[in-house]
Structures are given as C-alpha cells and as structure tokens.
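Asker: Following this message is one structure expressed as structure tokens.
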Amino acid sequence: MSKIINSKTKEFIETLKESTEVQAYTAAVKAFKGDNTAKTLLKEVQEARQTLAIFRQGGFDGLAEQEKKVRDLQSQMSKNKAIQDLIKAQDNLQSLVGNLADEISQGINFPFTQPQRGGCCG
C-alpha cells in the first residue's frame, strides 16, 4: 500500500506543478531574483524593521525617524511590481496548499494540519 501512496503522491506533485498558482509563483520568484532594485528594497525594509524593533525595545532616541523610514520603505515596496507580484503569488499558492491540506484532513477524518493562528508578519 505504501508504494501506491508514494506513486500517487508523485503524480499529485506533478499535477500541482502544472497549476496556475505554482506556475505564477515560480515566475514571480524568477522575476524577483532578476530585479536587483526589488531585492535591495526588500532587504532595506527588513533591516529597517529590525532596527525599529530594537529602538522600540530599548527606548532609543530616533524612534519616530525610524518609524518614518519604515513607512517610506514600505510605501516604496507597495509600488514595486516584482515584490507585489511575488507577495500575491505566494499568498495564492499558500491558500491553495492550505485548502488542499484541509481537504486531506477532512477526507481522512484526522487533523492533517494545525489550525492557523493570526498572521505573523506586518
């Protein structure tokens, strides 16, 4: 029985690779990786958020300026096509995979996945 399940799983994976969601995600990753401006901007946003968290925890001077920097970078990021396409494709793929996992859980009447908590990222 295990060989049959493994074989069907491989078939399922191949089918999933052909889905619109996986293809869109693959294309978005490729476009993002080829866009140095997008990569630099995303890195700057991540670094600015980390610095902001440190400022908040430590009560350092410059908190307001760092908050403004993060807002400005996030605004730039919201206008960057490569980043927005990647975020959208990732969200769509994550939704598809989550729905599939839910269907498997319901189909076998066993909690295949853990219930999702609130979002992690801001």
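Residue numbers (numbering that gives the first Met the number 0): 0 to 121. Ideal Cβ positions, reconstructed from N, Cα and C, are used throughout, including at glycine.
Less than 7 Å between the C-beta atoms of residue 37 and residue 82, yes or no?
Answerer: Working through the sequence shown from its first residue, we reach residue 37 at position 38. Working through the sequence shown from its first residue, we reach residue 82 at position 83. It is a contact, given that the beta carbons lie within the stated cut-off.
Asker: Would residue 72 and residue 47 be called neighbours here (beta carbons separated by less than 7 Å)?
Answerer: Residue mapping note: residue 72 aligns to position 73 of the sequence shown, counting from 1. Residue mapping note: residue 47 aligns to position 48 of the sequence shown, counting from 1. Yes, Cβ-Cβ distance for residue 72 and residue 47 is below 7 Å.
Asker: State buried or exposed for residue 63, treating a residue as buried only when at least 16 other CB atoms are found within 10 Å of its CB.
Answerer: Locating residue 63 in the sequence shown gives position 64, counting from the first residue. Exposed is the call here.
Asker: Residue 88 and residue 24 - do their beta-carbons sit closer together than 7 Å?
Answerer: Locating residue 24 in the sequence shown gives position 25, where the first residue counts as 1. Locating residue 88 in the sequence shown gives position 89, where the first residue counts as 1. In contact: residue 24 and residue 88 (Cβ atoms closer than 7 Å).
Asker: Does the beta-carbon of residue 59 have 16 or more other beta-carbons within 10 angstroms, so that it is buried, or is it exposed?
Answerer: Counting from one through the sequence shown, the residue named residue 59 turns up at place 60. Under this definition residue 59 is an exposed residue.
Asker: For a test of the three-state rule: what should DSSP assign to residue 90, helix, strand or coil?
Answerer: Translated into positions along the sequence shown, residue 90 becomes position 91. Here residue 90 sits in helix by DSSP.
Asker: Give the secondary structure of residue 76 by DSSP, where H, G and I count as helix, E and B as strand, and everything else as coil.
Answerer: Within the sequence shown, the letter at position 77 stands for residue 76. Residue 76 falls in the helix class under three-state DSSP.
Asker: Starting from the Cα of residue 55, find the closest Cα among 43, 69 and 42 and give me that residue.
Answerer: Translated into the one-based positions of the sequence shown, residue 55 becomes position 56. Measuring from the Cα of residue 55, the nearest candidate turns out to be 69.
Asker: Would you mind reading off the limits of the alpha helix (DSSP H) that contains residue 109?
Answerer: Working through the sequence shown from its first residue, we reach residue 109 at position 110. Here residue 109 belongs to no alpha helix (DSSP H), and DSSP marks it neither H nor E.
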